[in-house]
Amino acid sequence: MFYSKKTARTIICASGFFWVLSGCYKEGFIQGSNELILNGSLLKGPVSSATITITDYENKVIWQGASDQHGNFSSRLSIVEDSLFTVRMGVEKSTEMICDALECFDQRGNLIASYAEEVLLSELGNIQLKSLGSSNSTKTSFQVNAFTTLVYDQVEGRLEDGISNSGLERVARDASKVILTALNLDIDETNLLDTHVLYLDQASDEQKQNNEATILAIVNAAMAADLSALSNISHAISDFNNNPNSDVDRVNLSKLKTELMGSAKRLVDSGEVSNLPSSVATNIELAKNNEIKFESLIAANEALSAQIEVVNAQSRISGGSGGSN
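So for the sequence shown, this note's numbering puts the first residue at 463; every next one is plus one.
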């Protein structure tokens with residue numbers, strides 16, 4: 463059962479993309495709940511007729527809907543204060559997306575679509591994009607993409623409800639370090655739950671000059687070449703973290719990293735995405751060819767585990783919203 467120390471009600475107003483939701487807050491006076499309004503659209507290229515499910519900490523569905531033909535959706539829901547929630551994108555038979563990798567293949571390796579072509583997502587395989595949020599967050603953007611999914615998978619089931627928003631941000635930052643190290647990406651410390659990943663087909667030349675943002679966008683797009691790559695990489699990172707001395711797990715993670723960066727490099731080299739800084743191609747090639755720094759990955763995972771222990775302990779001390787008793 464949830465409980466809350468607070469008496470204020472917060473209304474969160476959001477607009478933008480499915481993985482870019484800008485928001486505002488309005489104070490009210492109803493005890494123990496937040497009313498959350500989300501308006502947005504799905505982009506992996508644009509994704510239409512996809513299921514969107516929002517669940518609370520106890521995995522109860524608090525809102526479910528679908529994106530329209532333009533990839534837009536809107537939702538209105540109530541959520542307990544001081545609480546975590548999850549947003550998931552699911553695939554239906556009618557769900558369509560724009561292929562944003564150079565080429566998109568099905569699970570048997572058959573070419574289904576090329577860059578910027580529309581395709582039924584079910585023809586490519588199954589993918590579920592996820593992200594984690596706090597009802598007390600004051601951030602003005604909310605993204606769901608490949609990177610938020612990888613971060614979510616690293617902390618799933620490890621966080622107690624009622625952790626502070628700053629605690630969630632610290633955990634997300636450490637989980638992001640794990641992901642970036644595993645993918646061999648030389649990107650400054652960041653929180654991938656909060657990072658705006660560009661949709662390359664609509665990004666301005668000025669936006670593309672942001673080297674780190676463009677690298678993330680290229681790698682996010684490259685995931686579409688083989689939709690199984692996202693879950694495979696997520697599992698491989700977890701397998702290595704659980705068995706850091708396993709040669710088998712090291713080889714598997716290295717193989718998946720190299721394949722993903724190979725897909726990213728092909729997109730960069732194709733010229734389909736114009737006016738990319740030369741540094742983007744260089745960094746993608748280095749990520750592909752260089753070995754993963756496994757000792758750094760071990761250290762990053764240990765830091766994440768320690769951070770999770772700290773924020774969970776702080777939640778128990780402060781009371782938070784508790785979670786299930």
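Positions of the beta carbon are idealized from the N, C-alpha and C atoms, including for glycine.
{"Item": "When every heavy atom of the ligand SAM is checked, does at least one fall within less than 7 Å of the C-beta of V606?", "Value": "Summarising the ligand content, the structure contains no ligands, and the ligand SAM is consequently not present."}
{"Item": "Could you compute how far the alpha carbon of Q616 sits from the alpha carbon of Q531?", "Value": "32 Å"}
{"Item": "Could you tell me whether the Cβ atoms of S511 and E554 are closer together than 8 Å?", "Value": "yes"}
{"Item": "Under 8 Å by Cβ, that's how I've got A608 and L692 pegged, so tell me the actual separation to the nearest angstrom.", "Value": "6 Å"}
{"Item": "Alpha carbon to alpha carbon, how far is G485 from F547?", "Value": "For G485, the predicted model reports a pLDDT of 29, less than 50, meaning its position is unreliable; a value from the coordinates is still stated below. Each residue's alpha carbon lies about 16 Å from the other."}
{"Item": "Rounded to whole angstroms, what is the Cα-Cα separation between L521 and E618?", "Value": "The residue you asked about is not Leu; residue 521 is Asn in the sequence shown. N521 and E618: Cα-Cα distance of roughly 11 Å."}
{"Item": "May I ask which residues mark the beginning and end of the beta strand (DSSP E) holding V766?", "Value": "Correcting the residue type first, residue 766 is Leu in the shown sequence and not Val. Unbroken run through L766 is the alpha helix (DSSP H), F756 to S780; no beta strand (DSSP E)."}
{"Item": "Which two residues bound the contiguous alpha helix (DSSP H) that contains F567?", "Value": "From DSSP, F567 is part of no alpha helix (DSSP H) but of the beta strand (DSSP E) over E565 to F567."}
{"Item": "Which same chain residues end up closer than 6 Å to S767 when comparing Cβ atoms and leaving out the 5 residues on each side of it in sequence?", "Value": "none"}
{"Item": "Counting only runs of 4+ residues fully inside the region 554 to 623, write out the alpha helix (DSSP H) ranges in chain order.", "Value": "583 to 586 and 608 to 617"}
{"Item": "Helix, strand or coil: how does DSSP classify I524 here?", "Value": "strand"}
{"Item": "Cα-Cα, which of I699, L642, A679 and E757 is closest to V735?", "Value": "A679"}
{"Item": "Pick from V659, N653 and D688: whose alpha carbon is nearest that of A563?", "Value": "D688"}
{"Item": "Using beta-carbon positions only, say whether L647 and A634 come within less than 8 Å of one another.", "Value": "no"}
{"Item": "Where does I649 sit, in a helix, a strand or coil, going by DSSP?", "Value": "coil"}
{"Item": "Put V542 into one of helix, strand or coil per three-state DSSP.", "Value": "strand"}
{"Item": "Kindly indicate which three-state DSSP category G629 falls into: helix, strand or coil?", "Value": "helix"}
{"Item": "Give the single residue among L642, R632, A762 and L539 whose Cα lies nearest to the Cα of A675.", "Value": "L642"}
{"Item": "Can you list, in chain order, the residues of its chain whose CB lies under 7 Å from that of V523, leaving out five sequence neighbours each side?", "Value": "T515 and T517"}
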